[in-house]
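Engineer: The structure's right below; bear with me while I get my questions together.
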Amino acid sequence: MAINEEVYKAVVVGGGPAGIGVFVRAARGGLLPRLLNPDKHGTTKDTELSTQLGFKQMGVVVLHSGGAETFGGGNLGEYIINSNTFACGLLASVLDEKPDLDPPESIKNTFLEKVRVHESAKRLEEIGAAPGNLTEIGRFLRRVGACLIEEISDKASDTSKVLLHTAAVKYEALENGLIRVKAQRTNGSGDTVILHTEHLILAMGGTQELPSLDNPAYHSKLFASDSCLREDGFAKLKEHLLALPTGERKVCIVGSPKTQSLSDPQKNNKDSETPFATPQLASIGAPVTAAAPVSPLTIKKCETATSTIAKVKRTSLAGANDTSSPKSIFNPKDIMILHRSPVRCYYGSKKEAEVDGVDASRVDRSGCVNTFTGLREDAKRLFKSVKSGREVRVRLFQVNQQGSQALTDKAYATAGAIVWGAGYKTNMLPGSDEAGNPLVFHQDNGVVKLDNKARLQLLGPFKGKRPSILGLGLGFSLRSAVDEMGTETRVDGVSIYHRRGAALVLEALFGPEVYGTSSSFEEMVEKASLTHQKHLTLAT
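Just so it is clear: in the sequence shown, position 27 is 11 by our numbering, and no numbers are missing.
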């Protein structure tokens, strides 16, 4: 066992899209040298605690249980759906020069310059103003991760590191304010590493669990939506449906009771919840017609975020030797989607919403309608196709726990497959205080709640200085402070993780100065919005 007598500014648990977002944000804001080597590039305040305790000040450690091939992208590439954001939007959030912002953002002389010239970035640029396939986005983020590893190795190997094939096991919050993290190698050596840190950043994603339904007979036809959105899981669903008699190939898709709607909060890029894509279902036996990108369903993705339906490249699944023109195995009304809240769609402007007959009286500061709670792109097209009657295979039913039990029971009983789109429970790292008492945090149905500073909310008393533990990425319920509908909303998605989530983490490390002349993230965004509107006015 190796015990480190050094204190790191932060330990990041999880090297997926959310975990690397801290470094993307730091690089764009000119804070990366200070993050990786606070002793050399930081302020007296940055090293205050380490000096007080007599520890050597270090930078950052990232603990990633996988190898270099997954660092940065996590499992994004496994999903056969599109992101819910335009490819060019994600690319701009990572690589664009924005000198007019306060503080200005730039990638000059950072590791992101190497990302710009990579083929994965060029591919997203080619896709442009269209939803990017998650395979492409995952490849791009893995390139970001590879360049980050190279940057740390070349410029800050003495103070910061990325530990691949290393999983955090547990942590202990010490009375002096430090956090002791225990990690173990996953490459077979079994070696243990002990790290001391001022801030613990958890970016471990979430886990989707299947429910225990009242009727045991339903369990044999119950599928997790997260699994169905991957190639192997979709293949199992296909095999199950094709084994059923023709008249029994019906599907019931159950929306998450936690997310409360078919919404995909993808403000920029996938955002936390992604609708289940029935284009995959429709492709069982036949290609999807232009009028039928079928079926959204609220689900949450592991370690990444992105949402909505995808253009899936696959041949007919009717049979390997069937060369005849395939026919859809689904008849009208064969696919039922159960959801809780009224369905809303995202619109980029008030005018666009009014054209669709939507209430556009409440917009966000950028003029968008249903920013955090509206279906986007593929999901919106599907919803409109269903409502207009052009997509006849899909039916939508709004249900509630009190008065819709009969409908739910009938849907389960008649379905040949039940696809469960429940939300993700937070993947948590066990923690305790120095006395061995477990740390308990505020949560709701397995989702750990964060305050508006991305901090986990510790329940009960704590002896000594309360630990700085932050959550980032899917699995954590980071609330939006700027929802135009006046209600708190989850904010998830790669671009959100790289911007708001990462900015809040950097504020915890370095203070509000990370917002330039602003005192908060919200004030900084407000100024950026005003600058954007000014440029639009001058352009016209």
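In this text, a Cβ means the ideal position worked out from N, Cα and C, and glycines have one as well.
1) Within this structure, are the beta carbons of Leu573 and Lys437 separated by less than 8 Å?
2) Ordered along the chain, which non-local residues of its own chain (more than five positions away) have a Cβ less than 6 Å from that of Pro17?
3) Looking at Leu15 and Val44, is the spacing between their C-beta atoms short of 8 Å?
4) Is the separation between the beta-carbon of Cys236 and that of Leu322 shorter than 8 Å?
5) Thinking Val431 and Met412 are a contact (beta carbons under 8 Å), I'd like their distance in whole angstroms, please.
6) In angstroms, rounded to a whole number, what distance separates the CA positions of Glu109 and Ile4?
7) From which residue to which residue does the beta strand (DSSP E) around Lys166 run?
8) For the stretch 363 to 397, list the beta strand (DSSP E) runs that are entirely contained and at least 3 residues long, ordered along the chain.
9) Considering just the uninterrupted stretch of the alpha helix (DSSP H) at Lys334, what are its terminal residues?
10) If we ignore side chains and look at the alpha-carbon of each, how far apart do Pro496 and Leu490 end up?
11) For my contact list, Glu89 and Ala406 are in at a C-beta cut-off of 8 Å; report their separation, rounded to the angstrom.
12) Quick check: what's the CA-CA separation for Ala344 versus Ser144?
13) For Met508, which of helix, strand or coil comes out of DSSP?
14) Decide if Val272 is buried, meaning its Cβ has at least 16 other Cβ atoms within 10 Å, or exposed.
15) In whole angstroms, give me the CA-to-CA distance for Ser240 and Ser325.
16) Tell me which residue opens and which closes the beta strand (DSSP E) that Lys409 is part of.
17) For the alpha helix (DSSP H) containing Phe124, list its first residue and its last residue.
18) Going by the beta-carbon positions, is the gap between Ala545 and Val6 smaller than 8 Å?
19) State the DSSP-derived secondary structure class of Lys40, mapped to helix, strand or coil.
20) Within a Cβ cutoff of 6 Å, which residues of the same chain sit near Ala512, ignoring the five residues on either side of it in sequence?
21) Around the C-beta of Ser452, are 16 or more other C-beta atoms found within 10 angstroms, so that it is buried, or is it exposed?
22) Thinking Asp318 and Arg233 are a contact (beta carbons under 8 Å), I'd like their distance in whole angstroms, please.
23) What does DSSP give as the partner residues of Ser416 in its beta bridges?
24) In whole angstroms, what separates the C-alpha of Ser141 from that of Val327?
25) Measuring straight from C-alpha to C-alpha, what distance separates Pro1 and Gly58?
26) Check each candidate in Ser479, Gln168 and Lys394 and name the one with the smallest Cα separation from Cys72.
27) What's the C-alpha gap between Ile121 and Val403?
28) Do Leu213 and Gly400 count as a contact pair if the criterion is CB distance below 8 Å?
29) Does the contact criterion of 3 or more C-beta pairs under 8 Å hold for the stretch 123 to 136 versus the stretch 38 to 54?
30) Going by beta carbon distance, what residues of the same chain come within less than 7 Å of Arg107, once the five residues before and after it are set aside?
31) Taking DSSP as the reference, what is the three-state secondary structure of Ile111?
32) State buried or exposed for Arg181, treating a residue as buried only when at least 16 other CB atoms are found within 10 Å of its CB.
33) Comparing alpha-carbon positions, which option in Tyr155, Gly112, Thr28 and Ile136 lies nearest Gly420?
34) Exposed or buried, which one is Lys518 when buried takes at least 16 other CB atoms within 10 Å?
35) Residue ranges of each beta strand (DSSP E) run of no fewer than 3 residues wholly in the stretch 10 to 79, ordered along the chain?
36) Please tell me whether Leu488 has its Cβ less than 8 Å away from any Cβ of chain B.
Structural biologist: The short version:
1) Because the chain in this structure spans residues -15 to 524, residue 573 falls outside the shown range and cannot be described.
2) Within the sequence shown, residue 17 is the residue found at index 33, counting from 1. Hits under 6 Å: His25.
3) Residue numbering aside, residue 44 sits at position 60 when the sequence shown is read from its first letter. Residue numbering aside, residue 15 sits at position 31 when the sequence shown is read from its first letter. Contact: no.
4) Taking the first residue of the sequence shown as position 1, residue 236 is located at position 252. Taking the first residue of the sequence shown as position 1, residue 322 is located at position 338. It is a contact, given that the beta carbons lie within the stated cut-off.
5) If you number the sequence shown from 1, residue 431 lands on position 447. If you number the sequence shown from 1, residue 412 lands on position 428. Between Met412 and Val431 the Cβ distance is about 10 Å, and since that is not below 8 Å, they are no contact.
6) The sequence position of residue 109 within the sequence shown is 125, counting from 1. The sequence position of residue 4 within the sequence shown is 20, counting from 1. If you take the alpha carbons of Glu109 and Ile4, they lie about 21 Å apart.
7) As a working note, residue 166 is residue 182 in the sequence shown. From DSSP, the beta strand (DSSP E) with Lys166 extends over Ile163 to Arg169.
8) 378 to 382
9) For the purposes of this step, residue 334 is taken as the residue at position 350 of the sequence shown. Segment Lys334 to Val339, the alpha helix (DSSP H) holding Lys334.
10) As a working mapping, residue 496 is identified with position 512 in the sequence shown. As a working mapping, residue 490 is identified with position 506 in the sequence shown. Their Cα atoms are separated by approximately 9 Å.
11) Within the sequence shown, numbered from 1, the residue matching residue 89 stands at position 105. Within the sequence shown, numbered from 1, the residue matching residue 406 stands at position 422. So it is not a contact: roughly 37 Å between Cβ atoms.
12) As a position in the sequence shown, residue 344 is number 360, starting the count at 1. As a position in the sequence shown, residue 144 is number 160, starting the count at 1. Cα-Cα distance, rounded: 48 Å.
13) Translated into the one-based positions of the sequence shown, residue 508 becomes position 524. Helix at Met508.
14) Translated into positions along the sequence shown, residue 272 becomes position 288. Note that Val272 scores 34 on pLDDT, short of 50, meaning its location in the model is unreliable; the coordinates nonetheless yield the value given after this. Result: buried.
15) The residue you call residue 240 lines up with position 256 of the sequence shown. The residue you call residue 325 lines up with position 341 of the sequence shown. The predicted model places Ser240 with a pLDDT of 44, which falls under 50 and marks its position as unreliable, so this point remains unresolved.
16) Translated into positions along the sequence shown, residue 409 becomes position 425. Note, Lys409: beta strand (DSSP E), Tyr408 to Thr410.
17) As a first step, residue 124 is located in the sequence shown; it is residue number 140 there, counting from the start. Unbroken alpha helix (DSSP H) run through Phe124: Leu118 to Lys139.
18) Absent from the model: residue 545. The displayed extent of the chain is -15 to 524, so no value can be given.
19) Mapped onto the sequence shown, residue 40 falls at position 56. Looking at Lys40 - three-state DSSP - the assignment turns out to be strand.
20) Counting from one through the sequence shown, the residue named residue 512 turns up at place 528. Taken in chain order, the residues that qualify are Leu85.
21) Along the sequence shown, one-based indexing puts residue 452 at 468. By the neighbour-count rule (16 or more Cβ atoms within 10 Å), Ser452 is buried.
22) In the sequence shown, the residue the question calls residue 318 occupies position 334. In the sequence shown, the residue the question calls residue 233 occupies position 249. Right, their Cβ atoms sit about 7 Å apart.
23) As a working mapping, residue 416 is identified with position 432 in the sequence shown. DSSP lists Glu156 and Pro422 as partners of Ser416.
24) In the sequence shown, counting from the first residue as 1, residue 141 sits at position 157. In the sequence shown, counting from the first residue as 1, residue 327 sits at position 343. Their Cα atoms are separated by approximately 50 Å.
25) For this step, residue 1 is matched to residue 17 along the sequence shown. For this step, residue 58 is matched to residue 74 along the sequence shown. Each residue's Cα considered, the two are about 6 Å apart.
26) Here the question's residue 72 lines up with position 88 in the sequence shown. That would be Ser479, whose Cα lies nearest to the Cα of Cys72.
27) Stepping through the sequence shown from its first residue, residue 121 is reached at position 137. Stepping through the sequence shown from its first residue, residue 403 is reached at position 419. Near 26 Å, if we compare the C-alpha coordinates of Val403 and Ile121.
28) Residue numbering aside, residue 400 sits at position 416 when the sequence shown is read from its first letter. Residue numbering aside, residue 213 sits at position 229 when the sequence shown is read from its first letter. Result no, Cβ atoms of Gly400 and Leu213 do not sit closer than 8 Å.
29) yes
30) Here the question's residue 107 lines up with position 123 in the sequence shown. Excluding positions up to five away in sequence, the list reads Glu120.
31) Taking the sequence shown and counting its residues from 1, the one referred to as residue 111 is at position 127. Three-state DSSP puts Ile111 in a helix.
32) Locating residue 181 in the sequence shown gives position 197, where the first residue counts as 1. It is worth fixing the name first, because residue 181 is Thr in this sequence and not Arg. By the neighbour-count rule (16 or more Cβ atoms within 10 Å), Thr181 is buried.
33) For the purposes of this step, residue 420 is taken as residue 436 along the sequence shown, with counting starting at 1. Here the closest residue by C-alpha is Tyr155.
34) Residue mapping note: residue 518 aligns to position 534 of the sequence shown, counting from 1. Exposed.
35) 40 to 48 and 66 to 70
36) The chain inventory of the structure shown lacks chain B, comprising one protein chain alone.
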